[in-house]
Amino acid sequence: MKEILSLRDVTYTYTPEEADMRKAVEGISITVNDGEWIAIVGHNGSGKSTLAKLMNGLLFPESGEVRILGEPLNEENLWAIRSQMGMVFQNPDNQFVGATVQDDVAFALENNGVPFEDMVVRVYESLAQVKMDQFLNSEPHHLSGGQKQRVAIAGALAIKPKILILDEATSMLDPQGRMEVLSTVQKLREETQLTVLSITHDLEEALLADRILVMNQGKKFTEGTPEQIFQRGEELVELGLDLPFAMKMSKLMRLNGVNLQGEHMSEEELVNDLWTSNFNK
Amino acid sequence: MDIQLQQVGYAYAKGTPFEKRALFDVDLHISTGSYHAIIGHTGSGKSTLLQHLNALLKPSEGSLRIGDLTIVAGKKVKNIRPIRQQIGIVFQFPEHQLFDETVLKDIMFGPLNFGVPVEEAERRARVLVEQLGLPSEVLEKSPFDLSGGQMRRVAIAGVLAMEPSVLVLDEPTAGLDPRGRQEIMELFHKLHVEKGLTTILVTHSMEDAARYADHVAIMHEGTCVINGHPQDIFADEERLAKYRLEAPRVVRFQRKIEALIGRPLAKLCLTEEDLAIEIGHVIREERGNL
């Protein structure tokens, strides 16, 4: 597996003048491989978003190193590296620049000097991927929150990035919209080997990732596969996080005298266990 | 406070080439003391509807009665102010509305504007900060030095400080971590019960609608298509699908369990806790039959 992005002992503070304030992130190290999907989870204020901004050079670390595509990120290579990264923030209202949906999606392509003919095709394709191709000429402020966010994602996809960073990008979507976006991201990864970093509070979204990084109070709490992470159950709840539905349900059923053999992350496993342990006689 | 919408229609940029119809023929009655969830697919008109509830938007057609105030399309409305004082709206991302030097001043701003004495406004701010789980030190801080989750709580405190009798919540927990989400939803529920509020929750979360609301209204393509009890609304998955909605996860799980055991459970469970109890009953029955 080839490394695409790594953080080595990265520390950052928004208040360097106040030495006793907790740093936004402290001593974070992680390696992300090409084509991997990493979910970063943690309570509000745990440093997730700061981490995302350090990863694409919106912020530079106070100490430690960020390496992207084999190079240490610095002010010289920042623009070249950023053209390989798409980033989608939580609130789409803060990232709209175009007067119409298609202008908005074309913005990054214009900045990157993509020829007009290619641009038209890519704008349309990106919008089709998020099912917003019916809205080419709509004005962004006439769209609802969820529609806007899908356009923002299309804008990021249009530059055909190697790395896509989603900073709570699905948190404003309705359940169906969220599923559409997540399945789009999954499909995209299969077809293009896209590396995805998603910062999320949605545990079901984190379950889709290859690995999960758990942040707590600015520090790395743990990292591992979804199975490894969710085995820690109550510890995660204490960090202000949640458990996947099937795990919550298992716990509640046990409290009500239901026999279950194991821990389950998927509903199917839970239903099977419920059957074998209680009904199958 | 009773709120009644009759045949309400609304068009943005009416009379211009950009006219866009957001609502039509909305009939909805929200009775005093109810907890109403308004659900609907993205773009179904939920947010436009919400802005009518304290006359930020006025209907282009039909009429709207909020307590004693009647607003009829095309007629001038007088004396909206007392109504606005009684209807607190927590908009999406309410922290964007924070502006004052300190958290204390920010929370006191609303009440002072409506003539509440300084001492009382300050008392309310102190109580609310505690209720919302914030340390009292934040009162003297700039709201902009707080974390996103804390800013959200301060903004909510600013609305609650007006002591509204109707609380309108537009996705109040979007972007909060799971614990913060639960704490804030529980607080709203507690206030609803203790203060006898009328609560209107606009949400994408079928789980929250099922857990907290006693009435659910579905918006679809600009109109209110169903208004009923969560038990009935979430039981009919086919109808929900028609409006591009899904039943809460717990209901979908109950259906799987029912398919497994080959019979329906005694009731439709709207929370995980309830469903676990029901399943416990069923299993004890099975054991008894052995």
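Protein chains in written order, with numbering that gives the first Met the number 0: chain B, 0 to 280; chain V, 0 to 289. Heads up, the beta-carbon is just placed ideally off N, CA and C, and yes, glycines get one too. These numbers were taken from a predicted model, which means no experiment stands behind them.
#1: Checking 8 Å against the spacing of the C-beta atoms, do M252/B and H263/B come in under that value?
#2: Could you tell me which whole beta strand (DSSP E) segments of length 3 or greater appear in the segment 207–271 of chain V?
#3: Give, in chain order, every unbroken run of the alpha helix (DSSP H) that is at least 4 residues long and sits entirely within the segment 185–238 of chain B.
#4: Beta-carbon within less than 8 Å of E271/V's beta-carbon, same chain only, minus the 5 sequence neighbours each way: which residues are those?
#5: Anyone know if the C-beta pair for V213/B and V40/B falls short of 8 Å?
#6: Where D92/B and R152/V are concerned, what is the direct C-alpha to C-alpha distance, given to the nearest angstrom?
#7: On the CB-based measure, 16 or more other CB atoms within 10 Å of its CB, does A107/B come out buried or exposed?
#8: Look up F143/V in the DSSP assignment and say whether it is helix, strand or coil.
#9: Express the C-alpha separation of P160/B and L187/B in angstroms, rounding to a whole number.
#10: Using C-beta distances below 6 Å, list every residue in its chain close to I29/V, excluding the 5 sequence neighbours before and after it, in chain order.
#11: Which first and last residues belong to the beta strand (DSSP E) in which D102/B is found?
#12: Buried or exposed for A154/V, please, with buried defined as at least 16 other CB atoms from any protein chain shown within 10 angstroms of its CB.
#13: DSSP state of P58/V, grouped into three classes?
#14: Out of F143/V, P58/V, R83/V, point me to the one whose CA is closest to S164/V's CA.
#15: Between which two residues does the alpha helix (DSSP H) containing E2/B stretch?
#16: Can you give the beta carbon distance from I86/V to V201/V, rounded, assuming they're within the 8 Å contact cut?
#17: Can you name the residues of chain B whose CB is closer than 8 Å to the CB of I260/V?
#18: I believe F170/V touches Q91/V by the beta-carbon criterion, under 8 Å. Please report the beta-carbon distance rounded to the nearest angstrom.
#19: Please identify the residue among L274/V, G261/V, R243/V whose C-alpha is closest to the C-alpha of M254/B.
#20: Give the residues of chain B in contact with S294/V, contact being defined as C-beta atoms less than 8 Å apart.
#21: Go ahead and pull the three-state DSSP assignment for M107/V.
#22: Do you know offhand how far L196/V's Cα is from S43/V's?
#23: V192/V: buried (16+ other C-beta within 10 angstroms of its C-beta) or exposed?
#24: Once the 5 residues before and after A12/V are set aside, which same chain residues still bring their CB inside 8 Å of it?
#25: Taking DSSP as the reference, what is the three-state secondary structure of G157/V?
#26: Would F220/B and E285/V be called neighbours here (beta carbons separated by less than 8 Å)?
#27: Output yes or no for whether 8 Å exceeds the beta carbon distance between L63/V and L4/V.
#28: Can you tell me whether Q253/V is buried or exposed, with buried defined as 16 or more other CB within 10 angstroms of its CB?
#29: Within 10 angstroms of its Cβ, does Y9/V collect 16 or more other Cβ (buried), or is it exposed?
#30: On the three-pair Cβ rule with 8 Å, is the segment 262–269 of chain V touching the segment 226–239 of chain V?
#31: Check whether the Cβ atoms of G148/V and G34/B sit closer than 8 Å, and answer yes or no.
#32: Quick one: what's got a C-beta closer than 6 Å to I67/B's C-beta in the same chain, skipping five residues either side?
#33: Between Q230/B and the rest of its own chain, which residues show a CB-CB distance below 7 Å, the 5 nearest in sequence each way excluded?
#34: For the beta strand (DSSP E) that contains I38/V, what are its first and last residues?
#35: Beta-carbon of A160/V versus every beta-carbon of chain B: anything under 8 Å?
#36: Tell me, please, which residues DSSP counts as bridged to V62/B.
Working from what's here:
#1: no
#2: Entirely contained in the segment 207–271 of chain V, the beta strand (DSSP E) runs reaching 3 residues are, in chain order, 214–219, 222–227.
#3: 202–206, 225–229, 233–237
#4: V249
#5: Contact: yes.
#6: 21 Å
#7: A107/B is buried by the Cβ-count criterion.
#8: Three-state result, F143/V: helix.
#9: 11 Å
#10: When the five nearest sequence neighbours on each side are left out, the beta carbons in the same chain lying within less than 6 Å of the beta carbon of I29/V are those of I2, H35, in order along the chain.
#11: From DSSP, D102/B is part of no beta strand (DSSP E) but of the alpha helix (DSSP H) over 100–110.
#12: buried
#13: Assigned with DSSP and collapsed to three states, P58/V falls in coil, not helix or strand.
#14: R83/V
#15: Per DSSP, E2/B belongs to no alpha helix (DSSP H); it is in the beta strand (DSSP E), 2–11.
#16: Not really, about 14 Å apart at Cβ, beyond 8 Å.
#17: F278
#18: Checking the sequence shown, residue 170/V turns out to be Glu, not Phe. At roughly 5 Å, the Cβ-Cβ gap stays under 8 Å, so E170/V and Q91/V are in contact.
#19: According to the sequence as given, residue 254/B is Leu; it is not Met. Of L274/V, G261/V, R243/V, the residue nearest in Cα terms is L274/V.
#20: Outside the shown range of chain V, which is 0 to 289, sits residue 294/V, and nothing can be said about it.
#21: helix
#22: 26 Å
#23: exposed
#24: E18, K19
#25: helix
#26: Between F220/B and E285/V, the C-beta spacing is not below 8 Å.
#27: yes
#28: buried
#29: In this structure Y9/V is buried. Its beta-carbon is surrounded by 16 or more other beta-carbon atoms within 10 angstroms.
#30: With a cut-off of 8 Å, the segment 226–239 of chain V and the segment 262–269 of chain V count as touching, because enough Cβ pairs lie within range.
#31: no
#32: L4, I80
#33: E262
#34: Element bounds for I38/V: 34–39.
#35: no
#36: In the sequence as displayed, the identity of residue 62/B is Ser instead of Val. Paired residue(s): T10/B.
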